[in-house]
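Read in order, the letters of the sequence shown are residues 688 to 904 in my numbering. By construction, the Cβ of each residue, glycine as well, lies at the ideal position given by its N, Cα and C atoms. Small disclaimer: the values here were computed from a predicted structure and weren't measured. Inspection log for the structure reproduced underneath, given as C-alpha cells.
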Amino acid sequence: MRRLLEAQTTIFEISHLFYSHFHPDHTGEFVPFIFATKYPDGGQRKMPLTIAGGRGLLNFYEGLKSVYGHWIELAPGLLEIIEFDNKNADRKPFEDFTVNTAPVQHNEESIAFRITGSAGSSVVYTGDTDYCETIIDLAKGADLLICECALPDKLQTPGHLTPSLAGELAAKADVGSLVLTHFYPECEKTDIAAECRKTYSGPLVLAEDLMELEVKR
Ligand SMILES: [Zn+2]
Ligand SMILES: [Zn+2]
Numbered sequence: 688m689r690r691l692l693e694a695q696t697t698i699f700e701i702s703h704l705f706y707s708h709f710h711p712d713h714t715g716e717f718v719p720f721i722f723a724t725k726y727p728d729g730g731q732r733k734m735p736l737t738i739a740g741g742r743g744l745l746n747f748y749e750g751l752k753s754v755y756g757h758w759i760e761l762a763p764g765l766l767e768i769i770e771f772d773n774k775n776a777d778r779k780p781f782e783d784f785t786v787n788t789a790p791v792q793h794n795e796e797s798i799a800f801r802i803t804g805s806a807g808s809s810v811v812y813t814g815d816t817d818y819c820e821t822i823i824d825l826a827k828g829a830d831l832l833i834c835e836c837a838l839p840d841k842l843q844t845p846g847h848l849t850p851s852l853a854g855e856l857a858a859k860a861d862v863g864s865l866v867l868t869h870f871y872p873e874c875e876k877t878d879i880a881a882e883c884r885k886t887y888s889g890p891l892v893l894a895e896d897l898m899e900l901e902v903k904r
C-alpha cells in the first residue's frame with residue numbers, strides 16, 4: 688500500500704487483486720487493504736473490488752472475518768470474491784482482459800496467472816512455485832513472464848525456483864521477456880543474472896520495487 692502511494696496510486700483506484708497463494712508474504716496486507724476503506728473520512732471506495740485466487744480463497748476470507756468481523760467487509764455490492772480451479776487449468780473473462788490460470792507446485796491453493804489484454808498482449812505471473820510443466824503451457828508465447836526466483840542455484844529448496852530453473856521455464860515457454868522477482872536475501876550475494884543466463888538468452892530484468900514495465904505486442 689505504501690509502494691502504491693509512492694507510485695502515485697491509492698488503494699481506491701485498485702479494482703482487482705489476484706492472489707497466487709495464501710502465504711503471509713503474499714497476503715499480509717489483505718486486512719489493511721480492506722480496513723483502510725473504513726476511515727471516517729473514507730467512503731473513498733466507489734469502485735467495486737474483485738479479489739481472486741485459487742480454491743480456498745472464500746474460506747480464507749471467512750477465517751479472517753471470524754477475527755475481524757465487519758471491519759473487513761465492504762458496502763453491499765462492492766466486494767466480489769472469485770475462486771479459480773487449483774487442480775486444472777482455468778479461464779475467466781473480465782471486462783477488459785482475460786485470465787487463464789494453472790495449478791503450480793507450492794501450496795494446495797497455488798496458481799499462476801496469465802493476463803491477456805484486449806489488444807492481445809499477455810503477462811504471466813508464476814507466484815511461488817517449484818519447477819513444473821504447467822507453467823510452460825500457461826506461459827507459451829507470452830510477452831512477459833514474471834517469475835519467482837527465491838534462491839540462488841546452489842541453495843535450491845523444494846517449492847521454489849532458482850535463476851537457472853526460471854530461465855529454463857522461460858526458454859521452454861519461448862516468452863518475449865523474463866522478469867525475476869521474489870528474491871530472498873541470499874540472492875543479493877549472488878550474480879542472479881549470470882545463473883539465469885545458463886539456461887535463457889532472451890531479454891532479462893531483475894525486478895525492483897517501483898519498477899514500471901511496458902508490455903508491447
Ligand atoms: Zn509462498
Ligand atoms: Zn513468497
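Bridge partner(s) assigned by DSSP for residue i
i, result
"Ser864", "Leu831"
"Arg905", "Nothing can be reported for residue 905: it is not among the residues displayed for the chain, which extend from 688 to 904."
"His703", "Thr737"
"Asp777", "Thr788"
"Ile769", "Ala739"
Environment of residue i [buried if 16+ CB atoms lie within 10 Å]
i, result
"His708", "buried"
"Arg801", "buried"
"Asp815", "buried"
"Ser753", "exposed"
"Ala694", "exposed"
"Ser675", "Given that the chain is displayed from residue 688 to residue 904, the structure contains no residue 675 and the question cannot be resolved."
"Thr724", "buried"
Rounded distance between the beta-carbons of residue j and residue i, thought under 8 Å
i, j, result
"Gly854", "Tyr887", "3 Å"
"Arg690", "Asp896", "6 Å"
"Leu848", "Glu835", "5 Å"
"Met688", "Phe720", "6 Å"
Helix, strand or coil at residue i [DSSP, three-state]
i, result
"His757", "helix"
"Ala894", "coil"
"Lys725", "helix"
"Asp817", "coil"
"Phe870", "coil"
"Tyr748", "helix"
"Phe717", "helix"
"Lys841", "helix"
"Ala762", "coil"
"Arg690", "helix"
"Ala853", "helix"
Ligand 3: which residues have Cβ under 5 Å from any of its heavy atoms, chain order?
Among the ligands present in this structure, namely ligand 1 and ligand 2, ligand 3 is not found.
Taking contact to mean 3 or more Cβ pairs, one atom from each stretch, closer than 8 Å, check whether the stretch 773-793 and the stretch 824-832 are in contact.
The answer is yes - the stretch 824-832 touches the stretch 773-793, with three or more Cβ pairs under 8 Å.
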